[in-house]
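Visitor: Sharing a structure below in structure tokens format, with a few things to ask.
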Amino acid sequence: MARAIWSGSISFGLLNVPVRMYSAVARRSIALREIRESDSSRIKLRRFAEGTDEEVPREEIIKAYELTAGQYVPLTKDEIAALAPEKTRAIDVSDFVDLAQIDPIYFDSPYYLGPATGAEKAYSLLAAAMAASGKVAICNFVLRSKENLAAIRSDGKVLTLTTMRFADEVVPADELEIVPEKAQKPAKREQEMAEQLIASLSTDFDPSAYHDEYREQLLALIEKKAEGKEIVAVETETPKATKAPDLMAALEESIAAAQGKKPAKKRKKAPSKAKKSPAKKRAKAKAK
């Protein structure tokens with residue numbers, strides 16, 4: 002059985018539902034070490050005082066906030082710890098809202114919530130009621146000494162909690178001036194064809210159809226080098242933006258390909274679940 006990373010209770014009104022929290026994500030990143038090329042010696046990082054060759058012991062290092070260049074406000078571990086939120090064991094629900102009202106940009110990390118021993122009935126009741134209402138619960142809780150905003154959803158059987166970013170952590174797009182105010186508006190025909198292309202490529206979402214091609218290529222590279230095979234670097238070109246006069250031609254060609262009038266590029270198949278290489282086995286073991 003999976004190991005819980007947190008335990009507590011979902012609290013709303015006078016109801017308390019004891020739950021356990023489990024990570025919903027298995028990181029598949031590949032850990033690469035830094036070594037000296039000549040003899041494969043591991044690279045170690047050391048901390049030095051600025052402007053000197055003096056290495057600073059870890060116990061002498063504290064945190065500080067930089068007011069201006071070179072002027073700091075030192076903060077001790079005890080001072081920072083005193084400000085940490087109280088380690089409560091409650092997920093306090095404040096509101097129930099429609100999921101469609103939440104911009105996905107606010108979502109962060111997903112977790113599963115399972116019932117604690119003896120709380121199966123209350124858990125099932127909450128999961129069923131939330132699924133029937135179509136609402137998600139907005140709540141606050143403390144995880145790893147940090148206060149978190151989160152949303153709880155239900156599929157009728159399992160509750161999922163996703164941590165969220167606070168409003169002041171999300172930068173409004175207009176503050177970044179990403180799109181020029183005088184951006185050229187598309188011609189009606191161009192927009193109609195773009196919409197047609199989108200419709201041609203529309204399908205049901207299947208998460209298993211997408212995979213990390215970079216990770217697969219990196220594992221293959223590691224395997225080849227471990228076997229002593231020669232590696233030939235392949236130059237890649239950066240895709241160029243389609244120029245305005247070419248938009249119509251590009252749209253027409255894309256629509257034709259999507260509709261099967263000419264061969265379209267096939268999506269790469271996910272790797273088979275046959276015999277796994279040693280590098281892949283090690284990567285999977287580290288991810289657990």
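Just so you know, we're using the numbering used here here: the sequence shown kicks off at 2 and counts up by one.
Just so you know, even glycine gets a beta-carbon here, dropped at the ideal spot from N, CA and C.
1) Is the beta carbon of TYR113 closer than 8 Å to that of ALA27?
2) Just tell me which of PRO19, GLU231, ARG166 has its CA closest to the CA of ALA1.
3) To which residues does DSSP link SER155 through a beta bridge?
4) Expressed to the nearest angstrom, what Euclidean distance is found between the alpha-carbon atoms of GLU61 and LYS78?
5) With distances taken between CB atoms, is the gap from PRO75 to ALA65 smaller than 8 Å?
6) Could you give the DSSP three-state label for ILE6: helix, strand or coil?
7) Of the choices GLU193, ARG154, ASN141, whose alpha-carbon is the least far from that of GLY9?
8) Does the Cβ-Cβ distance between ILE232 and LEU222 come in under 8 Å?
9) When you compare only the Cα positions, how much space is there between PRO173 and THR53?
10) Three Cβ pairs or more, each shorter than 8 Å: is that satisfied between the region 155-166 and the region 99-119?
11) Buried or exposed: TYR124, going by 16 or more other Cβ atoms within 10 Å of its Cβ?
12) Looking only at DSSP bridge pairs, what is PRO291 linked to?
13) Measure from the alpha carbon of ALA168 to the alpha carbon of each residue in ILE106, GLU178, GLY14, ILE179, then state which is nearest.
14) For GLU35, which of helix, strand or coil comes out of DSSP?
15) Taking just the CA atoms, how far does ALA129 sit from ALA120?
16) Kindly indicate which residue of ALA251, GLN218, ASP247 has the alpha-carbon position closest to the one of SER30.
17) Determine the direct distance from the alpha carbon of THR163 to that of ILE6, and round the result to whole angstroms.
18) Give me the residue from ALA184, LEU198, LYS183 with the minimum Cα distance to ARG290.
19) Using 8 Å as the threshold, is the C-beta distance between VAL171 and ARG154 below it?
20) For PRO264, name the three-state secondary structure that DSSP assigns.
21) Count the CB pairs spanning the region 177-185 and the region 40-48 that are closer than 8 Å, and state whether there are at least three.
22) Helix, strand or coil for ALA91? Go by DSSP, reduced to three states.
23) May I have a chain-ordered list of the beta strand (DSSP E) segments no shorter than 3 residues that lie completely inside the region 164-245?
24) Identify which residue in GLN72, GLU67, SER134 has its Cα closest to the Cα of ASP99.
25) Name the two residues that bound the continuous alpha helix (DSSP H) containing SER255.
26) Per the DSSP calculation, ILE11 is bridged to which residue(s)?
27) Which residue wins for smallest C-alpha separation from ASP93, given the options ALA101, ALA200, GLU148?
28) For ALA152, does the count of other Cβ atoms within 10 angstroms reach 16, so buried, or fall short, so exposed?
29) Does the beta-carbon of ALA275 have 16 or more other beta-carbons within 10 angstroms, so that it is buried, or is it exposed?
30) Please confirm whether LEU150 and MET165 have their CB atoms less than 8 Å apart.
Guide: Result, derived from the coordinates:
1) no
2) Outside the modelled stretch of the chain, which goes from 2 to 289, sits residue 1, for which no answer is possible.
3) LEU160
4) 11 Å
5) yes
6) coil
7) ASN141
8) yes
9) 42 Å
10) yes
11) buried
12) This structure cannot speak to residue 291, because the chain is shown only from 2 to 289.
13) ILE106
14) coil
15) 14 Å
16) GLN218
17) 14 Å
18) Limits of the chain in this structure are 2 at one end and 289 at the other, which puts residue 290 out of reach.
19) no
20) With a pLDDT of 45 at PRO264, under the threshold of 50, the modelled position of this residue cannot be trusted, and the question is left open.
21) no
22) strand
23) none
24) SER134
25) 248-259
26) VAL18, ILE92
27) GLU148
28) buried
29) Low local confidence applies: a pLDDT of 45 at ALA275 is under 50, so the model's placement there is unreliable, with the coordinate-based value given in what follows. Exposed, because fewer than 16 other Cβ atoms sit within 10 Å of the Cβ of ALA275.
30) yes
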